[in-house]
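What follows is a short report on a single structure.
Numbering (the working numbering), first residue to last: 13 to 304.
Here it is in structure tokens:
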């Protein structure tokens, strides 16, 4: 029943994406311009929004540098200044757009010494005429851990270390201020820890909703909700709220949420922080683009 309710909520969110735009100067709807099939300006200002990839793929020959940082939870029993003194997690990533439609990248995450290879493929772009009403992008990665074998009670072979993440993202720029996107996600771990996570399977599905509301051209409110569909009940959904400050080629996001692992497959499949119990942490993303 829980999953059915989640699915109903998710599809209601998808309806918002396909709803009609209002008062938009970028999405053209009058009869004189109904044949203008040029793509709209990107619905988001960065390739990532909080914990999820967006539909945005930078133009060809663009280098993207990203820092993602998560502090500790704010409800610690000891004084750690709302998680700022607690152990933190960080990821540094570098990606390059080979074409206007394909981006490839590498990343390294502190916790569990995770190394990832990732790619993003643009499938559709929303057009001004509304002939194509949504943008669609596929994102995937392969991730491995370089932890030492003595951390485990069995031979931790290379194949055991691998995990995979696939995400299909559908976004719509509703108007000049509001953009939303929904995604469905598939994760696979070659090895799962059923002692720490009883009932966890190798393959799991999840869904996410992200959005941004621009207050000014540079400042916007960002939000997200991520929910696993097939994991055991000890794995919790995630809710985020924050702000984004954007300039040409640069984006800074700061937010509150419950995801701490940064790795998308770990966030969706292994998160035990419960935001209803104030297992909330402060996070930020820094995104920088260079055009060559």
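Built from N, CA and C at the ideal position, the CB exists for glycine as well. Computed from a prediction, not measured in an experiment: that's the story for all the values here.
So with Cβ pairs under 8 angstroms, would you call residue 281 a contact of chain D? The question asks about chain D, but that chain is absent: this structure has only one protein chain.
If residue 276 and residue 170 are in contact, beta carbons under 8 angstroms, what's the gap, nearest whole angstrom? On the chain shown, residue 276 is found 264 positions in, with the first residue counted as 1. On the chain shown, residue 170 is found 158 positions in, with the first residue counted as 1. Between residue 170 and residue 276 the Cβ distance is about 21 angstroms, and since that is not below 8 angstroms, they are no contact.
Is there contact between the region 198-208 and the region 64-83, where contact requires at least three CB pairs shorter than 8 angstroms? With a cut-off of 8 angstroms, the region 64-83 and the region 198-208 do not count as touching, because too few Cβ pairs lie within range.
Residue 222 classed as buried or exposed, judged by whether at least 16 other C-beta atoms fall within 10 angstroms: Residue 222 sits at position 210 when you count from the first residue of the chain shown. Taking every protein chain shown into account, the CB of residue 222 has 16 or more other CB atoms within 10 angstroms, so this residue is buried.
Under the three-state DSSP convention, the category residue 185 falls into: Mapped onto the chain shown, residue 185 falls at position 173. When DSSP states are grouped into helix, strand and coil, residue 185 belongs to the strand group.
Run of the beta strand (DSSP E) containing residue 250, from where it starts to where it stops: Residue numbering aside, residue 250 sits at position 238 when the chain shown is read from its first letter. Counting along the chain, the unbroken beta strand (DSSP E) around residue 250 starts and ends at 250-259.
Give the DSSP-derived three-state secondary structure of residue 34 in the structure shown. Taking the first residue of the chain shown as 1, we reach residue 34 at position 22. Here the model assigns residue 34 a pLDDT of 44, short of 50, so the residue's position is not dependable, and the following value carries that caveat. It is coil, neither helix nor strand.
Cα separation between residue 172 and residue 103? The residue you call residue 172 lines up with position 160 of the chain shown. The residue you call residue 103 lines up with position 91 of the chain shown. The alpha-carbon atoms of residue 172 and residue 103 are separated by roughly 22 angstroms.
Alpha helix (DSSP H) containing residue 171: first to last residue? Here residue 171 corresponds to residue number 159 of the chain shown, with the count starting at 1. For residue 171, the enclosing alpha helix (DSSP H) begins and ends at 170-173.
Straight-line gap, residue 225 to residue 270 (C-alpha atoms, nearest Å): As a first step, residue 225 is located in the chain shown; it is residue number 213 there, counting from the start. As a first step, residue 270 is located in the chain shown; it is residue number 258 there, counting from the start. The straight-line gap from Cα to Cα measures roughly 21 angstroms.
Taking all protein chains shown into account, do 16 or more other C-beta atoms lie within 10 angstroms of the C-beta of residue 290, making it buried, or fewer, making it exposed? Residue 290 sits at position 278 when you count from the first residue of the chain shown. Exposure of residue 290 is indicated by the presence of fewer than 16 other C-beta atoms within 10 angstroms of its C-beta.
Looking only at DSSP bridge pairs, what is residue 106 linked to? Sequence index remark: in the chain shown, residue 106 carries index 94 (1-based). Beta-bridge pairing links residue 106 to 77 and 118.
Taking three-plus beta-carbon pairs below 8 angstroms as touching, is the region 121-130 in contact with the region 49-57? Not touching, per the Cβ criterion.
Cβ-heavy atom distance, residue 276 to the ligand HEM, below 7 angstroms: Judged by which ligands are present, the structure shown has none, so any question about the ligand HEM falls away.
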